[in-house]
Every structure is written in C-alpha cells, then in structure tokens.
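These notes concern the structure reproduced below.
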Amino acid sequence: MQINDVVSIETLSHIALICLNNPPVNAASQALRYGLQQAISIANTNDAIRVIAIYGAGRTFVAGADIKEFDGPPLEPMLPELVNEIEESETPVVVILHGTALGGGLEIALGGHVRVGLKGLKVGLPEINLGLLPGAGGTQRTPRLIGIPAALDMILSGRHVPANEALELGLIDRLSDEIPRDAAIGAAKDILSGVLMPRRTGEILVKADHSYLDKMKATLLRTHAHLVSPHKCVEAVRASSLKLSEGLKLEKRAFAESMSTPQRAGLIHAFFGERAARNIPEAKISPLDLAHIGVVGAGTMGIGIATTCLLSGLEVTLVEASQEPLEIGIATIHKNLEGAVKRGKLSREKFNSSLKCLTGNTDLASLNQVDMVIEAVFEDMDVKKDIFFKLDKICKTGAVLASNTSYLDINELADITSRPQDVIGLHFFSPAHVMRLIEVIVCEKTNETVSATGFALAKRLRKVGVKSGVCDGFIGNRILSHYRKTAAYLVLDGSSPQEVDQALEAFGFAMGPHKVTDLAGLDIDWLTRRRKAPTRSKEERYSGDVADRLCENGWFGRKAGKGYYLYETADMTPNPKVNEIIEAERNRAGLSPKTFSVGEIIDRYMTAMISEATRVLEDKIAARPLDIDMVLLFGYGFPRHRGGPMHYADTIGATKLIEHIEKYAQEDSYYWRVPNLLRDMAKDGKTFADLNR
Ligand code: 3H9
C-alpha cells in the first residue's frame, strides 16, 4: 500500500515492510517523515504484525534530514519525535541500511531495535559540516551503543564510517550482502525466530566520562574556538549519561541554537553551492572521452596535475625540457602516490597500476596521441605561445589543448594555434592533487564540447569546476590581486603584518595574507607587479613598496627561510627587519602611522574583496555570485562557515557596503569605487542570493 509519494508498506504474513523511496538520497523530508510515521502506526495497529522492517529504495538509505527545509518553518512531524516513536514502537523495528546512512538517516536507524548494514554501507553523523549537531537523538543514542569517545569522534569528525567498522563498533548488529528488501525480510524472520535480539537503544546506560569530555572541550577551545557547533556537540554528548529524555532535551536546545547561527547558513550555502556549481548548461553536453593526458612542465603545478590525473585512473605522459628535472618530477609523483597509499586514499594495487600509467619524456612530440594536453610551464606568454604553436602541429585532431596559466590571456594562446575551438584554460590550485578547485576558463572561441570536457575532467578528478571568462587573473586571482593591496595599504598606513594576519585569522582564514605570501613565495607577486607595471594607472597607489624591498633582499618567504616571518627555527617568528623596512617606507612617503582595530582591518579587507568580486560579476567573468563563493572557498582558504564573500556580503547588505566604500574612498578614490551593480542592488533591495536564482 502506498502511504504517499515516498513511503509504502506491504505485509508478508507477520512482517510489515516499509519502503522509503525519496530520490536521489532519500532525504527525510516532511513527506517521508509523515509517511514513515503513518506506516509505523498502521503496522502497530495490525495485530498480525510482529516485526516491522524499514528499508530504502534507490542508491541509499536516508542520507539525512532534508536540508532544503531548514530555512522554512518547522513541518510536522518533526524527526526527533518520529525517532522516539520508532523506539517506543510495541512491535520490534529492524532498519536496513545501505549506501550512505547519514545524519537523520542514521538517527532513524538508532531508534530501531536492530540494525542491519548492507555491503558498501557508510554511516556517519556529518551535521557538524553544516554547522549543526545530530538533532534527532544522535548525540544520545550513539554513545549508548558505542561509548562516548567513539561517538564523539564520529560526531566531531563527521566522517563516513565503513560497514565493517560500524559492525565492530556495535553501531550495527549484522552485515549482509543481500539487496535491501531481501535483507529486510531475512532480518525480520531472524527476529521472529529469536536469532536477532531486539533492544531499545535509549534504555542502554552510558557511563559518564567527564575527564575525557573536559579534555575534548579544552582541545576544541584551542583548535575551533571560532565555531559554535563543535562545542555544543561535546555538551550534548556529555548529557548522554543522563536519562534519555533529559539528554534529548539538551540536544534539542543545542540543535535549535546551532540552527539559528550565521555559521549554519554559511556552511549550508557552501554545501549547496558546491553542487550548484556543477549544474550548468555544459553539464548536459556530452564531453569528449579522455583516457590519456599529456602534462607539459614538471614543476610544482605539473607534478600535482599529473598526480591528480593518475589518482583518477588516467594515463599520463609528463614532458619536461631536460632529463634531470623530468626525473625529479617523476620521483615526486611517486612520493605523492605513496602518500596517498599511506593516507588510505589509494590501495597498493591501484598504486602499482597508476605507476604503470605514467611515462615521462623530454620531447613534446611524445604527445601526438594524447586526448588532452595540460600546459603547466613557467608563467611567461612567449614560452607558452611557443609550446602551443608546437602542440598545434603535434597533437592529434580533436585533442584538447589546455593551459594552466593563472593570469595570462588564453585567447592569445588560442589564436596562435590553427584550432582555437579546442583551447581551454584549466586553472588548478597548488598543490593540485590536494586543492579541490579548477577554474574552467572558456575562451572566446572554445567549442562547447571542449568546455563540457573541462567540466567532465573536473568531476572525474573529484574537484569543483567553476566556469570563468577570460580576464587578467580570471575569477580568483583577479579578486585576490585587488584585495591583497588592502593588506599592503594597511601595513603602510599603520598596522603590522602580524596584526593584519591575526585579524584575518580571527575572521576564520587559516592563515593571514602575509603568511600566505610567505608560503607561496614573494617572488611570484614581484614578477606580477613588474609585468603589470607598464599598464598600471598613474592614479593607483602603489602597493608593492614593502614587498619589493623584501624581494630585493632575497627574502622570498618560507623557501628562502625569511620573508615577513623567519623560518630558521621550527617556530615561525616575525622578521624584525621588516619593521625597519616598513618604517623607512612610511618615512619616505611622509605617512604617520594610524591605528586600525581588528574590526576595521577585517572590514577593509572584506569590502575590497566584495567590491572586486562584484565587478567580476558585472564583467560577466563569473556567471553567478555562488561561483565566486566556490572559487574563494575551494581555492583561497576563505572560511567555509562564512559561505564565501558574496554570501558574507549579504549579511552586511548592499546599502551598508556602499557606505563603507564611500567612507574609505575619502582616502583613496581610485582604489575604493562603488561598483554599479552594488548601487543597482541597493536601489532594488536585492541581495547576491537573488542573483543566483
Ligand atoms: C541532519 O540530518 C539533521 C538531523 O540530525 C536532525 C534533524 C532534526 N537534503 O551530493 P550529491 C541533494 S542534517 C536535501 O550530488 P553524491 C544534493 O543537493 C543532514 N538534499 O550526491 C543533490 O541535489 P542536486 C545530514 C540533499 O552521490 C542530490 O541530493 N546529512 C541532501 O555525490 C545528490 O547529492 C548530510 O549532511 C539532504 N540531506 O553524495 C548528508 N543530501 O542534484 C549530505 C543531498 O539538485 N549529503 N542532497 O544538486 C551528502 O553528503 C551527499 O549528498 C551524499 C551523496 C554522500 C549523500
């Protein structure tokens, strides 16, 4: 019998089989909750029924509460109450788990009296990744089954626990390799015959472990002080040693408090943004088949790109101009793959097969049969043009010619070939086998199948591909070039590099801008400043005064042992000589230092970022605000709980942003300009979220 669109119930003698069918991930929407509640009630009022078995249709059991409902009003029946009803059911309930039983999905199962996992199952409580905590009994019932330390590990990491481990931990009672419905019937029969013993999770007692919880609390205060939900997770789990009803009350309060934070909104924006970035017209076009990739350049980028391609099962030919750097490159790729084996990301068998897929060569002509070439050589237009000119002659018809340039005009590169329709930009981020962003740069003449192939490659590499038009720096580096100047101006005007770094770390960046520059190497920006010098407007305030002096001393950052910080010992300490340079530069410019509060540092930095990001939208370099958010989140370490600069901008509002820009423009009207789009938004009362629709 169909209860509603997503839940059905059938009876097989003494067994009631409840099937949940809410594709794609069986999210516990209002319809699913209502249907399940009705089905349990029907089964419980049927005297013939002695076991209830719940299973999911499709690729997964319930992957959690329906996140799309979170911004609307609460819809009855609520999941926590439903889980309680399942636990209180007179008739024993067995829950069959397959695919990814996550969050509210696992919590439904914890309310059941027996749990069976199917082959390939992963279970988890990933609510923390959304700024939440398990809110349907997960913080109370998980410790009852597996103890406080293991439960807290699952809840704080949000990790997906494989079936075998779930069985060992005692989270599930049995593993089966049947299909869900058969496993449901089998388990129900075993309950009837006494082979499987049902029990109510809520009745299990938890031994209080305050010293462990205090230790975790202290650790989190050091590592995650700025986040709300991790601390609430610890307190909710602490309550699991109380009576179930008491613990559930505390969990409910903590869940509601987490729900109302901007962090929760930011993290959910990031979750849906990542998926929306994939939902572009190109995703509907059939891509070209890719089996063999050529990578030109065995520097850091080329090595990372080759590694990520190998990890995804692609054949790779790496080309470098001479033997020695080629061999170093290949050795580093081996090391990267070894690292993946050590971290459990790659099996030994796959490691061996990946190595067989890697060849190296010093001759570009070896790329004559590859399906795609990714050029990753030195950032110099003439060098790149020379390579594209040669590739055009060498590569087979239809091969995609991609450049990993981070700033240069790919249209110019395309025009050097006889096949500009096959040319595209694939801007990876370093280290390319770790960082998840690829800017897919669609040039003026790029064919749509070639664009689709760029996005298909990003998907295959399990990365987030974001579409960008051509401009200096594309989406990310163009915005970065702009807001980084703010950090330099703040230092010239009165802050220390450490004050700027600390303020932005307090905002949530893992590293402040000076630490990032030290890590990337000051020489890279120095080169860019010199490249742009001839076209720099006379009205622009120069931002490189301090950095240029550091570079002239050879203080290129971490790799030189010295930059804004000293790296000569294990501890990173501020470089005292930098203060002398700053003072000299201030004197030279006749500037008397001002004091900037943490709030003002953050505001100037973020306002500059948002201004340039808005111009990137105006210029149609990015199609939607959410694309910009994903670029900053996945490529530039923007704090995920802030959702990205455009999402963050909406928390301030267009009118206020304009006021801030106009205030700063009194000091420098060239740098601080209000984008027209922002003015229109303020006039029409629009947000960036409105522009995503
Ligand atoms: C929770 O449970 C709270 C409770 O403790 C308490 C409540 C009171 N809701 O990722 P995919 C969509 S919080 C709504 O591309 P995959 C997704 O947007 C929740 N929609 O597939 C996408 O839509 P589209 C705790 C959802 O195979 C489509 O499904 N659970 C949800 O790469 C396919 O998703 C989680 O945090 C959802 N819960 O990965 C789990 N989940 O096609 C979140 C997915 O329109 N989900 N969608 O773009 C995941 O981690 C992955 O989706 C999963 C599948 C691993 C399941």
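Just so we're aligned, residue 7 is where the sequence shown starts under our numbering, counting upward by one.
Just so you know, even glycine gets a beta-carbon here, dropped at the ideal spot from N, CA and C.
- Annotation: the continuous beta strand (DSSP E) that includes T106 extends over T106 to L108.
- Non-local C-beta neighbours of L26 in its own chain, meaning closer than 8 angstroms and more than five positions away in sequence, comprise V12, V13, N32, L38, G41, L42, I60, Y61, G62, A63, F67 and V68, ordered along the chain.
- Take the alpha-carbon of A169 and the one of K125: they are about 7 angstroms apart.
- A distance criterion of 6 angstroms places the beta-carbon of L108 in contact range of the ligand 3H9, judged by its closest non-hydrogen atom.
- Residue burial is scored here from C-beta neighbours: V201 has fewer than 16 other C-beta atoms within 10 angstroms and is therefore classed as exposed.
- Burial state of F395 is exposed, judged by a 10 Å Cβ sphere holding fewer than 16 other Cβ atoms.
- Per the C-alpha coordinates, the member of K362, K290 and D531 positioned closest to E321 is K362.
- Per the C-alpha coordinates, the member of P29, P30 and I21 positioned closest to A45 is I21.
- In the structure shown, A695 falls within a helical segment according to DSSP collapsed to helix, strand and coil.
- Within the segment 450 to 514, the complete beta strand (DSSP E) segments at least 3 residues long are 470 to 474, listed from N- to C-terminus.
- When DSSP reads this structure, S182 sits in a beta bridge with L124.
- Between G431 and S412, the gap from beta carbon to beta carbon reaches 7 angstroms or more.
- For the pair H520 and P503, the CB atoms are nearer than the 7 angstroms cut-off.
- Following the DSSP letters along the chain, one finds N367 in no alpha helix (DSSP H) but inside the beta strand (DSSP E) bounded by residues L364 to N367.
- Within the segment 398 to 426, complete beta strand (DSSP E) segments of at least 3 residues are found at 406 to 409, given in chain order.
- Taking 3 residues as the shortest admissible run, the segment 313 to 363 contains the following complete beta strand (DSSP E) segments, listed from N- to C-terminal end: 321 to 325.
- The beta carbon of T368 lies closer than 8 angstroms to those of V325, E326, A327, S328, Q329 and L332 in the same chain, with the five residues before and after it left out.
- G550 and R537 have their C-alpha atoms some 13 angstroms from each other.
- Exclusion of E257 from the 6 angstroms shell around the ligand 3H9 follows from its C-beta lying no nearer than that to any non-hydrogen atom of the ligand.
- Under DSSP, the beta-bridge partners assigned to V99 are I58.
- With respect to L296, M378 sits close: the two C-beta atoms are nearer than 7 angstroms.
- Assigned with DSSP and collapsed to three states, H433 falls in strand.
- Remark: three or more beta-carbon pairs, one from each stretch, lie closer than 8 angstroms, so the segment 623 to 634 and the segment 472 to 486 are flagged as touching.
- In this structure, the CA atom of G176 is about 6 angstroms from the CA atom of I152.
- The C-beta separation of T459 from P293 comes to about 4 angstroms, placing the pair in contact by the 8 angstroms criterion.
- Excluding sequence positions up to five before and after Q427, its CB lies within less than 6 angstroms of the CB of K451 and N453, all in the same chain and listed in chain order.
- Going by DSSP, I607 is part of the alpha helix (DSSP H) stretching over V604 to E624.
- Leaving aside the five residues that flank I634 on each side, the residues in its chain whose CB is nearer than 8 angstroms to its CB run, in chain order, I481, I485, A619, V622, L623, A628, G650, P651 and M652.
- G70 has its CB nearer than 6 angstroms to a heavy atom of the ligand 3H9.
- Residue state for E546 is assigned as coil, using DSSP reduced to three classes.
- Taken through DSSP and simplified to helix, strand or coil, T207 comes out as helix.
- In this structure, the beta-carbon distance from V470 to E280 falls below 7 angstroms.
- Taking the Cβ of A33 as the reference point, at least one heavy atom of the ligand 3H9 falls within a distance shorter than 6 angstroms.
- In the DSSP assignment, M378 forms a beta bridge with I299 and V406.
- As the crow flies, the alpha-carbon of H275 is around 45 angstroms from that of S372.
- Three or more beta-carbon pairs separated by less than 8 angstroms are not found between the segment 588 to 603 and the segment 641 to 649, which leaves the two stretches without contact.
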